[in-house]
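Protein chains in written order, with my numbering: chain A, 1 to 365; chain B, 1001 to 1365; chain C, 2001 to 2400; chain D, 3001 to 3400. Note that CB positions come from ideal geometry on N, CA and C, so glycine has one too.
Below, the structure is given as structure tokens:
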């Protein structure tokens, strides 16, 4: 049992941190990530990737969160590429994965159909068989990265009844497919999302990802990987925000001394620091399980992490604005950007309450 | 709208406070309360009482809580006498009420049948009609004051099915009735309680209190009055405990100054003081509604009060032990006694969670 | 002890409610409800204020002689609660609630005659020049200086967090008039400054919600006639402290929280999770009940305070009400956000709302809830942060 | 990054568990589990300690040369966790965990030869004479004085919160040997004092749970041979600080919390509310899940710390673990109380349990949960209160 980074993870961290520090808000950050090989993490070397597991993603994600980088790393690399690698045909892998690695294609993953965190059983988007393929109809709101994605992995029912785990399938839908309607917008942290609507979109049979009707466990996997990845990003944001707040406490002078000399602010900063460390511990735990195959164990670990880190993010986010005072309320100061990122984190992929409930549902035994 | 005490309430408060200060732990405190007329509050003058409403009880209860007085004022005067006054026959009132006023008889009220806070619908104690009366069988755990009571008002089913509000009746059961088994013990705050068991206890028809089969609303009334009264007692205890803790902060010296000079302890003491004021506000609200007839409005007000004051009691109780440090952990110092009283408060007549749930059940519209 | 509400008060509340419903345009109401903080234009604010003046309700807390009312605190509280609950614009606080009482207590008769009527009808739209970049909680350290030049004052410096300076045409401003005073509090005066002076530059400060509520104000050799000094020179700190004591009875903002909780319920009633209405979902239902109870507790504390104020009893309840009232507003805006699920992630408010309704028909959410959550973080910071409120209570109430 | 648990460690945990189950008498186990704080008699403690010594597990953290083991921190952590989880008595901490490392690092060879074997087998049962009535958090202000008299020391003063002084036969004691020292920390020494000295009076202090865990100790001209001075004179503060640094890895008490959460689940499974099992009741189920997650978070933080310790990385995690671990214990004992409903009101523990079983047959509750809740309030107070832990973190970790 060893919590320290391997040598290659340390190198990865250094590279990602340097990239983010130098070019975190550059328009070509995605290409720079590709050039550094970051978009190949977890992808087989045969397809141009560099391999590696979730802990490698975690290192990159923490750097992205720490640098407030807006990207589609989670839907494209952590989730999309993983679904394609896990379930795709040889042809799908050979075509799509190299493009992802090269930064030439981004992917979104569209599962949820209401504004609430719900299990895959509730998916109602319909995929009817037609000659040579399928016809998709349904609506998916607030799909992360779907505003700019080239391909959206869409879940739909090819069979089975509402409420069941059977009959769910995944489709690789190019966003320029006729009939695919997207409405894109920024979410609170500046990342992009879109609502998508399909009313009888015709797809070829080759767009099916994985075995028809057996996508439920893939959808769970996508849910868990998204949540676990968000946790790592949030830890990066929390650490950076705590550093910023601590610096403020040491430099802001009121009543003739740095405000960090006031015990009440000291203790709050300590509590925020502890929250960061608790969050980091749980992010590691979630990341470690996110590669796992056992649905209940993985789901419990990820939901425990997402729930706990959501609470920690609230402690750090709200606390940092309070400790900053007025300056924390201004839009052109970074503390607010971190707070918004942590606010988005809490809402994305199920909030703390949702995951606490899911954890309890999966069993506290 | 006026929150100040009337002149007679002020006099009552002064008298009760003085009595408690001088004789709060005297063995004859009950007789002294009788002598002062406190046991006649809310009881009609025709039966020797002094009349008055719940706000008058509140004044006395706050003094009792503040002085850590162990008594059966709540089951006997606030609840028992009120039930007898409300539902008793002329004969029952004429016999029992003067004895209560005179301090010659104490009463307990036995409704709940599990260790949980449950509605009257779940009462299962059976009262079968027999010639000239009833035969009672059932068990009631942790009945406050039943260890020393002369009469226990026992709820039982004379009809109706399990889960219904119909068919519930109340009986005035003398504790020396053959077959009534009591096991008495102290609860955590030193007050007395008993488990009672009846296995075919024969009662005369004259023991029926109120109309046969129609006691549900009386049981609700007893529940609400008990909870509202406990709230007032708890506010008295909180105020006294806060005063004790504040005194400790001003006198205990560490690191060369009174510990009350440390900002972190100041703010915690402020939070405890605010909790006391919030609790006092809600206790007044609960008391004001406790005399009401409208079941839902009364239940919501009392449950809101009990839930909120339970949280406040936790803030004050746990906070005071922490601020006292080691001395707060010793059994012969009053802070611990107050903490135990507040701990008992939280468990008696439904805890904060129970009442939050009841409040939500009664409707947040 | 008598908690019943007099029939007269109930009737009065109904009268206020009916008036507002009859007179308040829908678009104003929607703006007030939607944005939490007043982002009405100056003209819209004047429009409504003059409606209220015409009704005799323009400045209820003022003496009748200046256009106020003879209502007691409970009646004023009732009025404010209905105004907030109905989504009517609250009066601009700076002139009416802060400066005017100072002028009434400490100003010259000439100042009262000149300023009060113009404050009442918002001809003078005041903003408050107190905070500076280096002087937030520690206000007494302010550096903006005013030098005597004949009868005039010449003011230079920088003010910060000057809410609505971009709408205001006047500012009451704390300035340092005696840098040599023994204690910093003793060298401060209060001046009334026209905002159209060429030496004044107002720079917008955009807050987390993306809105323009507040500003930096730069003063560069702004010349002010001596008649614009409030009260006596170097007594500004006394006035600033007095100012903070006015209308403390409304600090909990009960009416606003009542409106917020209604909005939460409406939003929650429209949403289902796993087929169960959000209002029946255990965790949400519990939080909602808990905040409703909290609101009741703050309200009862507020009413107890009003009862004490009417009887001139002392009390530090205002500091408690600031703490608990502001925390409650934050909790409610957070629960409102939670009630919207992932829809609350959207941040292009008006646009998203319109387009989504087109696209899906059945999407129904408020596009402003997250902005309001973010904006409401300020309520535990401004008007004396909650930490400062704790310090005051520790010192004044507990004598620690 | 490799969080997998080596098979060797899993096997070792199973071995420890099997040994305890085979050797630990039921009545000892029940006492440990029931009372939360160790109220075993001194003889019972000796009995179990000697069992462990015979097995080679008597003092795992000690060097092998003195009867310890070569286990790394992770293996020791695993061992401690199983011991706690199985309800086996933990070693008496004062001699083994606190004094012994001081003697090993700072003591004379003679002291090591004499004391360590006797500490190991509990022939010497040490208690800790640190706190005084006026010196709690501010330990350096202690007043108990030791005067030189030839080779001896003569000690007078009063110690407070001396846990198990009534069972101990030795005390390691901080005393003031130089009242003139520039800083109070510089005038303190550590002495080893036999408790059977006629100048020593032990007075019980009964705590909120009604139990006798701790004491006041009065020292009246107690004469101690010079050989009983630990290390150098006036260096006691250095040793006291070093002592607080030993075995900080176990401060979170993960094993204990794991046992507590099991007890909560067992109790909750037996109770129904309105016909619904308590474990399915939304509010309770949520709290239980929340504390289980909190336990996991504290455990992961603890394991991360162990990983760092093995690599000699720095860290203030011990202070964090003290704060979070103690809060968790309090939350768990509180939830345990809640799980018992009104049965937790009963406070005549053994009696109530027996008689109720006679009376009703189906009553099933633990009579000790409320006492444990009360007693557990101390864990955020002792060993450096959580406020002090925050101060340390603010200073040492955050440099505030």
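Contact set between residue i and chain D, taken where Cβ atoms lie within less than 8 Å
i: residue 2283 (chain C); result: 3282 and 3286
i: residue 356 (chain A); result: 3286, 3289, 3290 and 3293
Limits of the alpha helix (DSSP H) - the one that residue i falls within
i: residue 339 (chain A); result: 334-347
i: residue 2020 (chain C); result: 2007-2023
i: residue 1231 (chain B); result: 1216-1251
i: residue 2080 (chain C); result: 2073-2085
i: residue 3138 (chain D); result: Taken as a continuous stretch (DSSP letters only), residue 3138 (chain D) belongs to no alpha helix (DSSP H), as it is neither H nor E.
i: residue 3307 (chain D); result: 3282-3310
Chain-ordered neighbours of residue i on chain B, where CB pairs are closer than 9 Å
i: residue 3137 (chain D); result: 1254, 1255, 1259 and 1325
i: residue 262 (chain A); result: 1263
i: residue 3207 (chain D); result: 1329, 1330, 1331 and 1336
Per-residue contacts from residue i into chain C (C-beta, under 8 Å)
i: residue 1003 (chain B); result: 2001, 2003, 2303, 2304, 2307 and 2308
Extent of the continuous beta strand (DSSP E) to which residue i belongs
i: residue 1140 (chain B); result: 1133-1144
i: residue 2215 (chain C); result: 2212-2224
i: residue 156 (chain A); result: 151-157
For residue j and residue i, the rounded distance between their alpha carbons
i: residue 1142 (chain B); j: residue 1322 (chain B); result: 30 Å
i: residue 288 (chain A); j: residue 295 (chain A); result: 14 Å
i: residue 3189 (chain D); j: residue 3214 (chain D); result: 23 Å
i: residue 116 (chain A); j: residue 137 (chain A); result: 20 Å
i: residue 2362 (chain C); j: residue 102 (chain A); result: The predicted position of residue 2362 (chain C) is uncertain, since its pLDDT is 44 and thus under 50; a value taken from the coordinates is nonetheless stated next. Each residue's alpha carbon lies about 40 Å from the other.
i: residue 3236 (chain D); j: residue 1273 (chain B); result: 41 Å
i: residue 3294 (chain D); j: residue 3254 (chain D); result: 11 Å
i: residue 357 (chain A); j: residue 1347 (chain B); result: 26 Å
i: residue 1140 (chain B); j: residue 3344 (chain D); result: 15 Å
i: residue 3109 (chain D); j: residue 3065 (chain D); result: 13 Å
Listed by chain order, chain A residues near residue i by CB distance under 8 Å
i: residue 2368 (chain C); result: By Cβ distance, chain A contributes nothing, its closest Cβ being about 12 Å from residue 2368 (chain C), past 8 Å.
Beta-carbon neighbours of residue i, restricted to chain D and to distances below 7 Å
i: residue 246 (chain A); result: 3398
i: residue 1126 (chain B); result: Those do not exist, as residue 1126 (chain B) stays about 16 Å from chain D at its closest Cβ, beyond 7 Å.
i: residue 249 (chain A); result: 3400
Where residue i meets chain A, residues with beta-carbon distance less than 9 Å
i: residue 3323 (chain D); result: 270, 271 and 274
Chain-ordered chain A contacts of residue i [CB-CB under 7 Å]
i: residue 3297 (chain D); result: 278, 281, 282 and 308
i: residue 2340 (chain C); result: 115
Neighbour list for residue i in chain C, Cβ cutoff strictly below 7 Å
i: residue 193 (chain A); result: 2345
Under 8 Å by beta carbon: chain B residues contacting residue i
i: residue 2336 (chain C); result: The premise fails here: residue 2336 (chain C) is roughly 15 Å from chain B at the closest Cβ pair, so nothing lies under 8 Å.
Cβ pair count under 8 Å reaching 3, the region 3368-3387 of chain D against the region 3326-3342 of chain D: yes
Interface positions of the region 11-26 of chain A facing chain D (Cβ-Cβ less than 8 Å), listed along the chain: none
To be precise: take each residue of the region 271-303 of chain A, compare its Cβ to all Cβ atoms of chain D, and keep it if any distance is under 7 Å. Which residues remain? Cβ contacts with chain D: 273, 274, 277, 278, 281, 282, 284, 285 and 288.
Does the structure place the region 3221-3240 of chain D close enough to the region 3154-3167 of chain D that three or more beta carbon pairs sit under 8 Å? yes
Does the count of Cβ pairs from the region 320-340 of chain A and the region 2125-2145 of chain C closer than 8 Å reach three? Yes, since at least three Cβ pairs between the region 320-340 of chain A and the region 2125-2145 of chain C fall closer than 8 Å, the two stretches touch.
When Cβ atoms are compared, which residues of the region 3110-3131 of chain D fall closer than 9 Å to chain B? 3131
Taking contact to mean 3 or more Cβ pairs, one atom from each stretch, closer than 8 Å, check whether the region 253-264 of chain A and the region 301-308 of chain A are in contact. Not touching, per the Cβ criterion.
For the region 1084-1116 of chain B, enumerate the residues whose C-beta is nearer than 8 Å to any C-beta of chain D, in chain order. 1112, 1114, 1115 and 1116
At a Cβ cut of 9 Å, what residues of the region 2371-2383 of chain C count as close to chain A, listed as they run along the chain? Listed by position along the chain: 2371, 2373, 2374, 2375, 2377, 2378, 2380, 2381 and 2382.
Between the region 42-66 of chain A and chain B, which residues of the former have CB atoms less than 8 Å from a CB of the latter, in chain order? From the region 42-66 of chain A, no residue has a Cβ closer than 8 Å to chain B.
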